[in-house]
Amino acid sequence: MSAPGRIRVIGGTLRNSRIEVPDLPGLRPTSERVRETLFNWLQPVVDGARCLDLFAGTGALGIEALSRGAAAVTFVEREPRLATALKANLARFKVSGEVVGDDAGRWLRGPGRPFDLVLLDPPFALDAWADTARALEEGGWLAAHAWIYVESPRGAVFALPDNWLPHRQGQAGEVAYALYRRTPADPLS
């Protein structure tokens with residue numbers, strides 16, 4: 015178990031490094047158990063991947079991807095204290111990542127660039143899964159065969175694009191998590 019205000023990187027070159035976490039209401043970092051499971055699933059594809067950590071929060075998912083060989087990670091976080099802490103953690107770890115201090119929905123309305131892996135874990139109270147998934151799919155943010163990780167409350171129901179095929183899923187406590195593989199949308203539909 016991590017000390018309050020810190021979470022541990024599970025694997026890779028930054029293994030056991032501590033991510034400093036501001037004490038903010040509603041902040042819900044992905045648990046160590048779930049991150050370990052997710053990155054075991056992603057092991058064959060994360061090395062060299064271009065990743066997008068939307069609703070980054072602590073940045074734990076994106077930092078874990080960098081630790082395991084991702085080529086680049088873009089972190090999008092609207093809360094200034096979290097974005098500042100994320101930049102400080104990246105500097106302390108001597109790894110680079112692009113930290114965008116903006117609302118994820120607004121940022122996704124900009125010009126898209128394809129990512130190989132998208133980490134989608136919005137604050138549960140926002141109920142932003144369907145709208146964000148649609149923006150990712152329609153805005154040019156996903157590589158042809160991108161991987162998309164989705165974390166949500168257990169039992170939540172929301173629509174995802176039909177061409178996001180479920181690959182693996184699990185539950186931990188009150189959290190459900192799933193990994194999807196995108197297939198290119200049918201141009202005739």
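Sequential numbering of the sequence shown, starting at 15, is according to my numbering. Every residue, glycine too, gets a C-beta built ideally from N, C-alpha and C.
Length of the line joining the Cα atoms of residue i and residue j
i, j, result
"Trp-55", "Gly-83", "14 Å"
"Ile-21", "Glu-50", "13 Å"
"Asp-116", "Pro-58", "31 Å"
"His-159", "Tyr-194", "10 Å"
"Gly-169", "Gln-185", "10 Å"
"Gly-154", "Pro-198", "11 Å"
"Arg-127", "Ala-97", "21 Å"
"Glu-151", "Val-164", "14 Å"
"Ser-31", "Leu-156", "30 Å"
"Leu-133", "Gly-76", "8 Å"
"Ala-74", "Asn-177", "27 Å"
"Arg-196", "Val-60", "15 Å"
"Ser-16", "Leu-41", "At Ser-16, the pLDDT of 38 sits below 50, so the modelled position is not reliable and the matter cannot be decided from this model."
Continuous alpha helix (DSSP H) stretch holding residue i: start and end
i, result
"Phe-53", "46-60"
"Glu-112", "Looking at the DSSP string, Glu-112 is not in any alpha helix (DSSP H); the run it does join, the beta strand (DSSP E), is 112-114."
"Leu-80", "74-81"
"Arg-120", "118-121"
Cβ distance (whole Å) where residue i is taken to contact residue j below 8 Å
i, j, result
"Pro-167", "Ala-149", "Going by Cβ atoms, the distance from Pro-167 to Ala-149 rounds to 21 Å, so no, they are not a contact pair."
"Phe-53", "Glu-78", "6 Å"
"Phe-89", "Gly-119", "Rounded, the Cβ-Cβ distance is 16 Å, inconsistent with contact."
"Leu-43", "Gly-71", "It is Pro, not Leu, that sits at residue 43 in the sequence shown. Indeed, because the Cβ distance is near 6 Å, the residues count as touching under 8 Å."
First through last residue of the beta strand (DSSP E) which encompasses residue i
i, result
"Asp-67", "64-68"
"Ile-24", "Neither: Ile-24 is in no beta strand (DSSP E) and is coded neither H nor E."
"Trp-178", "178-186"
"Arg-106", "Looking at the DSSP string, Arg-106 is not in any beta strand (DSSP E); the run it does join, the alpha helix (DSSP H), is 94-107."
Nonlocal neighbours in the same chain, by C-beta distance under 7 Å from residue i, ignoring five residues either side
i, result
"Ala-64", "Contrary to the premise, residue 64 reads as Arg rather than Ala in this sequence. Answer for Arg-64: Ala-85, Ala-86, Phe-129 and Asp-130, listed in chain order."
"Ser-45", "Ala-186"
"Trp-121", "Val-90 and Val-114"
"Leu-179", "Tyr-194, Arg-195 and Thr-197"
Nonlocal neighbours in the same chain, by C-beta distance under 8 Å from residue i, ignoring five residues either side
i, result
"Arg-182", "Trp-55, Ala-192 and Leu-193"
"Lys-101", "Val-113"
"Pro-136", "Leu-68, Phe-69, Ala-118, Ala-142, Trp-143 and Thr-146"
"Gln-19", "The sequence shown places Gly at residue 19, not Gln. Within the same chain, Gly-19 has close Cβ partners Glu-34, Val-35, Pro-36 and Asp-37."
"Glu-188", "Pro-167 and Arg-168"
Cβ-based neighbour list, residue i, same chain, cut-off 6 Å, excluding 5 preceding and 5 following
i, result
"Leu-174", "Ala-147"
"Ser-81", "Val-23, Gly-26, Thr-27 and Leu-28"
"Val-48", "Ala-186 and Tyr-191"
"Leu-66", "Thr-88, Phe-129 and Val-132"
"Gly-62", "Ala-85"
What are the complete beta strand (DSSP E) segments, minimum 3 residues, inside the stretch 126-162? 129-134
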